[in-house]
Structure formats: C-alpha cells, structure tokens
Amino acid sequence: MLGEARNSVAFLNFDVLLIVGIVVVLIVLALLIAQLIRKKLLFKLVSWLIERIDALLFLIGIGKKNADTKKLDETFSIAGYAYDEKQDIFYSTKDAWQRKFGYCRLYDEAAAPLGMIVDCDPIYFEYKGKRWLIEFWKGQYDLLPVPRWEYMRQTNRI
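For what it's worth, the numbering used here labels the leading residue of the sequence shown as 8, then goes sequentially.
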C-alpha cells in the first residue's frame with residue numbers, strides 16, 4: 008500500500024512538472040511574440056524577405072526598371088556576386104564565400120537542379136607545389152546562354 012502511494016505521488020509530481028513546463032514555454036512564447044510586435048522585428052523580417060524575392064525576380068528579368076540596385080547588391084553579395092547596371096551583367100566578387108571553402112566538382116553537379124545547364128571542362132595541374140584548377144564553363148543560366156571561365160587554386164588534394 009505504501010508503494011502504491013509513492014507511485015501515485017511520483018506520477019502526480021510528473022504531471023505537475025509537465026504542466027508547469029508547458030505554462031513556462033507558453034509564457035516565453037507570448038513574451039517573444041510581444042517583443043516582435045513591439046520592436047517591429049516581424050515587419051523587418053517580412054521586409055527582408057520581400058527584398059530577397061525582388062532580387063530573385065530581377066534575376067529572371069522581372070522588375071528591372073523599378074529595382075533598387077543598392078538592395079539588390081546586398082542580396083547578390085551574399086551569394087558572392089555583384090551586378091553592373093551599365094553592362095547589365097553579373098560578375099563574381101573577389102571575396103566570395105566560396106574562397107573560404109574551396110572550389111570543387113560539387114558546384115558543377117549542383118548547377119542543373121538550380122536551373123543552370125552547363126558544360127564544364129576542368130583542367131587540373133600542379134604549379135610551384137600547389138594544385139590548381141582552371142575551369143571553362145558554357146551554358147544557360149536561367150535560360151540565358153553565357154560563356155564563362157575561371158581559375159582557382161586548391162589548398163587540399165582533389
């Protein structure tokens with residue numbers, strides 16, 4: 008009988024702890040939502056998303072006339088690119104994030120699912136004790152035919 012009483016007290020304690028935990032989580036969520044509304048963080052988040060969508064529409068040729076090029080440059084710089092309005096071209100920036108991780112065949116393989124159909128001719132060679140890659144690309148980037156070439160040095164073995 009004493010064992011049954013202990014089990015029911017332990018069960019009661021578990022239920023109480025569960026209810027208290029749920030109440031605490033709900034209070035924290037309510038406070039976070041209140042902060043988002045009060046500080047207009049939700050509005051900032053939606054504005055940020057709209058800017059990124061505008062940049063994507065710009066890429067496929069929609070909204071070029073009304074585009075804010077400063078905001079577009081911020082978005083494209085995340086991916087390591089910049090836009091030259093005079094020539095209407097995109098180019099890779101010198102400090103692109105890919106430099107930190109290196110270049111590899113994965114970029115070529117991932118191109119097709121992202122809407123870029125490319126033919127790649129990689130040329131690997133050794134020079135002054137380092138392995139280098141020169142790659143020639145030709146293909147379609149979102150239905151626009153573009154030739155391209157680039158050279159890279161790899162710090163690790165391929």
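Here a beta-carbon is modelled for each residue, glycine too, at the ideal position from N, C-alpha and C.
Query raised in the report: Relative to the alpha-carbon of I96, which residue among C127, K137, Y88 has its alpha-carbon at the smallest distance?
Result: Against the sequence shown, residue 96 aligns to sequence position 89. Ranking C127, K137, Y88 by Cα distance to I96 puts Y88 first.
Query raised in the report: In its own chain, which residues sit with a C-beta less than 6 Å from the C-beta of A62, not counting the 5 before and 5 after it?
Result: Translated into positions along the sequence shown, residue 62 becomes position 55. So the list reads L79, T82, once near-sequence residues are dropped.
Requested in this report: Could you check the C-alpha separation between L52 and F132 for me, to the nearest Å?
Outcome: Residue 52 sits at position 45 when you count from the first residue of the sequence shown. Residue 132 sits at position 125 when you count from the first residue of the sequence shown. Spanning the two alpha carbons is a distance of roughly 46 Å.
Query raised in the report: In terms of DSSP beta bridges, what is V125 paired with?
Result: Here the question's residue 125 lines up with position 118 in the sequence shown. Beta-bridge pairing links V125 to G146.
Query raised in the report: Nearest to R59 by alpha carbon, out of K77, I44, L38?
Result: Sequence index remark: in the sequence shown, residue 59 carries index 52 (1-based). The shortest Cα separation from R59 among K77, I44, L38 belongs to K77.
Query raised in the report: Which word fits Y134, buried or exposed, when buried means at least 16 other C-beta atoms lie within 10 angstroms of its C-beta?
Result: Here residue 134 refers to the residue found at position 127 when the sequence shown is read from its first residue. Answer is exposed; the Cβ neighbour count stays below 16.
Query raised in the report: For I91, does the three-state DSSP call read helix, strand or coil?
Result: Stepping through the sequence shown from its first residue, residue 91 is reached at position 84. In the sequence under discussion, the amino acid at residue 91 is Asp, which differs from the Ile named in the question. Here D91 sits in strand by DSSP.
Requested in this report: Determine, using beta carbons only, whether L140 comes closer than 8 Å to chain B.
Outcome: Protein chains in the displayed structure number just one, and chain B is not present.
**Report entry** W139 - DSSP class collapsed to helix/strand/coil
**Finding:** Taking the first residue of the sequence shown as position 1, residue 139 is located at position 132. Correct three-state label for W139: strand.
Query raised in the report: By Cβ distance, which residues of its chain are closer than 7 Å to D22, with the 5 residues on each side in sequence left out?
Result: Numbered from 1 along the sequence shown, position 15 holds the residue referred to as residue 22. Once the five neighbours on either side are set aside, D22 has no close Cβ partner at all.
Query raised in the report: Is the Cβ-Cβ distance between P129 and L113 less than 8 Å?
Result: Mapped onto the sequence shown, residue 129 falls at position 122. Mapped onto the sequence shown, residue 113 falls at position 106. Going by C-beta atoms, P129 is not nearer than 8 Å to L113.
**Report entry** A117 - containing alpha helix (DSSP H), residue span
**Finding:** Residue numbering aside, residue 117 sits at position 110 when the sequence shown is read from its first letter. Element bounds for A117: 112-118.
Query - Sequence-distant residues of its chain with Cβ nearer than 8 Å to Q105 (five each side left out) - result: Within the sequence shown, residue 105 is the residue found at index 98, counting from 1. Here the set comprises G87, Y114.
Query raised in the report: Taking C-alpha atoms, which residue in D75, K93, S99, E92 lies nearest to S84?
Result: Here residue 84 is taken as the residue at index 77 of the sequence shown, counted from 1. Out of D75, K93, S99, E92, S99 has the C-alpha closest to the C-alpha of S84.
Query - Same chain, Cβ closer than 6 Å to A117, neighbours up to 5 away in sequence not counted - result: Looking up residue 117 in the sequence shown gives position 110. Nothing meets the Cβ criterion.
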